[in-house]
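What follows is a short report on a single structure.
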Amino acid sequence: MDDAMTVLPLVFDAPKRGMPPRHLADLSREEAREAVSELGHPPFRADQLARHYYRGVTDPAQMTDLPSAARETLTEALLPGLLTVVRHQTADDGRTRKTLWRLHDGALVESVLMRYPGRATVCISSQAGCGMACPFCATGQQGLTRNLSAAEIIGQAVAAAAAMANGELDGGPGRLSNVVFMGMGEPLANYARVRKTLDALLTPAPHGLGLSQRSVTVSTVGLVPAIRRLTDEGRNVTLAVSLHAPDDELRDTLVPINTRWKVGEVVDAADAYAKRTGRRYSVEYALIRDVNDQPFRADLLGKLLAGRLAHVNLIPLNPTPGSKWDASPLPAQREFVARLRAAGVATTVRDTRGQDIDGACGQLAAADAEPGVPSVAVGPLAGARREPASGGGQGGPSTVEPPVELGAEGDQ
Ligand code: SAH
1 MDDAMTVLPL VFDAPKRGMP PRHLADLSRE EAREAVSELG HPPFRADQLA
51 RHYYRGVTDP AQMTDLPSAA RETLTEALLP GLLTVVRHQT ADDGRTRKTL
101 WRLHDGALVE SVLMRYPGRA TVCISSQAGC GMACPFCATG QQGLTRNLSA
151 AEIIGQAVAA AAAMANGELD GGPGRLSNVV FMGMGEPLAN YARVRKTLDA
201 LLTPAPHGLG LSQRSVTVST VGLVPAIRRL TDEGRNVTLA VSLHAPDDEL
251 RDTLVPINTR WKVGEVVDAA DAYAKRTGRR YSVEYALIRD VNDQPFRADL
301 LGKLLAGRLA HVNLIPLNPT PGSKWDASPL PAQREFVARL RAAGVATTVR
351 DTRGQDIDGA CGQLAAADAE PGVPSVAVGP LAGARREPAS GGGQGGPSTV
401 EPPVELGAEG DQ
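In terms of the numbering used here, the sequence shown is numbered consecutively and its last residue is 412.
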């Protein structure tokens, strides 16, 4: 492996410190009604608060359906401000916007909102930093600061929905249609809060954002027991698995969790999920020059996935600062795609938005961003927005980002 790479330990258990105050979005509907009762108000006020919250309203003055005496108390108790905008950065002619958020304890996370014709996707963070230590990922190199609370994760999506509704992105008012857990962090390492987030995303308005299951993508390094758990939940969100190598020897180094759960176990678990949901999963594969982009690895990947319910989403590597690694050259990408397709595996190449604001896949790393300093260059965004691969064919996951076919006019 490259000597430029720092080998970090895998971290599963997030530090316990610093969780934010309780928020309406952390609570079930029943719990929220109880909390409101305990504060001396009729339980239905909880539903009124939720209606405002999911529309992006947290200013008590705008809650005209609540008695003025209740507004302040309830807002303070159940809608504490958890996410403060440090700055927004836009790219792609105003159709991509990265937001750097400061949390109550000073931790920084990022989300990226991307508008496409006919849909808008937000890439959200589930942890501050990440403990999975993938050497090519900016967030992975930061280490794990802490898990986000459900309300901190949900708040990123609610803010994106409000930004779309208010026409804050170029193109006028619109609707948030897709959410991908491809920002900072490993969502399945923060399982319970991510599951609550899924509830909030999928519950119809006014008690949630009312998104469809297929337009929500959970992306994982391959925590096999958590994939199995997700399979047993009965939800049908789109699953993306960050594979990056078809063989254990290489994957052990690129995705260190592979030392715990091997390639075969990961794709078997993803297959079981796809069989239960009836929809294909995405296999994410960052093409790294001379590391994992050789023709023989394309053949190995084709052999591994042929006949499975998988769709491969290739992402030319977004090099992170200080890394010696580079994206695969176009001819190597083309050859890789051709070999996978020849093996009968559906394959697309991801279009990468937000590169000039470090908002592209794997670039999210907010730690070096100075809160409050209006700088143009936010440090490497951690996490980056990733799009779910998606795909093509019937029954395929509806994608978040439009996969771009290599060889087409593309954005290569
Ligand atoms: N932890 C989750 C989600 C966060 S990263 C996961 O690993 O799936 C989202 C995606 O971006 C992952 O597939 C990750 O492997 C990919 N990625 C990370 N760094 C990248 C980089 N520098 N270039 C391209 N893709 C990258």
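Just so it is clear, CB atoms sit at the ideal spot from N, CA and C, and this is done for glycine as well.
Per-residue burial, residue i [other beta carbons within 10 Å of its own, 16 or more giving buried]
i, result
"Leu62", "Before going on, a small fix: residue 62 reads as Gln here, not Leu. Exposed is the call here."
"Pro187", "buried"
"Val194", "buried"
"Ala205", "exposed"
"Asn147", "buried"
"Gln84", "Just to set this straight, residue 84 is Thr in the shown sequence, not Gln. Counting Cβ neighbours within 10 Å, Thr84 comes out exposed, since fewer than 16 surround it."
"Glu414", "Look at the range of the chain in this structure, 1 to 412, and you will see that residue 414 is not part of it."
"Pro67", "exposed"
"Ala382", "Any answer about Ala382 is weak, because its pLDDT of 35 lies below 50 and its placement is not dependable; what the coordinates show is given next. Buried: at least 16 other Cβ atoms inside 10 Å."
"Glu31", "exposed"
"Pro135", "buried"
"Ala159", "buried"
"Ser177", "buried"
"Asp170", "exposed"
"Asn318", "buried"
"Asn292", "buried"
"Val180", "buried"
"Ala69", "exposed"
"Glu284", "buried"
"Arg175", "exposed"
"Val501", "The structure shown does not extend to residue 501, since the chain spans only 1 to 412, so no value can be given for it."
"Pro9", "exposed"
"Asn166", "exposed"
"Pro256", "buried"
"Gly94", "exposed"
Same chain, Cβ closer than 6 Å to residue i, five either side skipped, listed in chain order
i, result
"Arg251", "Ala245, Asn258, Val263"
"Gly372", "Here the model assigns Gly372 a pLDDT of 39, short of 50, so the residue's position is not dependable and the matter cannot be decided."
"Thr90", "Arg97"
"Gly101", "Per the sequence presented here, residue 101 reads as Trp, with Gly not at that position. Around Trp101: Leu83, Val109."
"Glu168", "none"
"Ala272", "Thr231"
"Val36", "Pro43, Arg45, Ala46"
"Leu304", "Pro246"
"Gly18", "Asp105, Arg146"
"Ala327", "Pro316, Leu317"
"Arg87", "Leu100"
"Val72", "Note that residue 72 is Glu in the sequence shown here, rather than Val. Cβ neighbours of Glu72 beyond the five flanking positions: Pro60."
"Thr75", "Pro60"
"Ala377", "For Ala377, the predicted model reports a pLDDT of 27, less than 50, meaning its position is unreliable; a value from the coordinates is still stated below. Nothing listed; no residue qualifies."
"Leu301", "Pro246"
"Thr58", "Leu79"
"Ile288", "Leu317, Trp325"
"Leu254", "His244, Ala245"
"His52", "Met63"
Chain-order list of residues whose beta-carbon lies under 8 Å from that of residue i (same chain, five-residue window excluded)
i, result
"Arg276", "Thr231"
"Arg306", "Note that residue 306 is Ala in the sequence shown, not Arg. Within the same chain, Ala306 has close Cβ partners Ala343, Gly344, Val345."
"Thr220", "Glu186, Pro187, Leu188, Ala226, Ile227, Leu239, Ala240, Val241, Ser242"
"Pro20", "Pro80, Leu82, Leu103, His104, Asp105, Ser149, Ala151, Glu152"
"Arg29", "Ala46, Asp47, Ala50, His207"
"Glu233", "Arg195"
"Pro329", "Arg289"
Nonlocal neighbours in the same chain, by C-beta distance under 7 Å from residue i, ignoring five residues either side
i, result
"Ala150", "Ala25, Asp26, Arg193, Lys196, Thr197"
"Thr347", "Val312, Leu314, Val337, Leu340, Arg341"
"Val33", "As written in the sequence, residue 33 is Arg, which differs from the Val given in the question. Same-chain partners within the cutoff: Pro43, Ala46."
"Gly140", "Cys130, Met132, Ala133, Cys134"
"Asp65", "Gln48"
"Leu144", "Val11, Ala14, Gln127, Gly129, Cys130, Gly131"
"Val224", "Trp261, Glu265, Val266, Ala269"
"Gln213", "Leu202, Arg235, Asn236, Val237"
"Ala77", "Leu39"
Could you say if the region 261-278 and the region 312-324 meet the contact criterion of at least three C-beta pairs nearer than 8 Å? no
Could I get the ranges of all uninterrupted beta strand (DSSP E) runs contained in the region 117-150, with 3 residues as the minimum, in chain order? 119-123, 127-129, 144-147
Please list the segments of the beta strand (DSSP E) lying wholly inside the region 238-286, counting only runs of 3 or more residues, in order along the chain. 238-242
Threshold first: 3 residues or longer. Then list the beta strand (DSSP E) segments lying entirely within the region 63-95, N to C. 84-91
Which complete alpha helix (DSSP H) runs does the region 293-355 hold, if anything under 4 residues is left out? 295-305, 330-342
Alpha helix (DSSP H) runs wholly inside the region 157-211, at least 4 long, in chain order: 191-202
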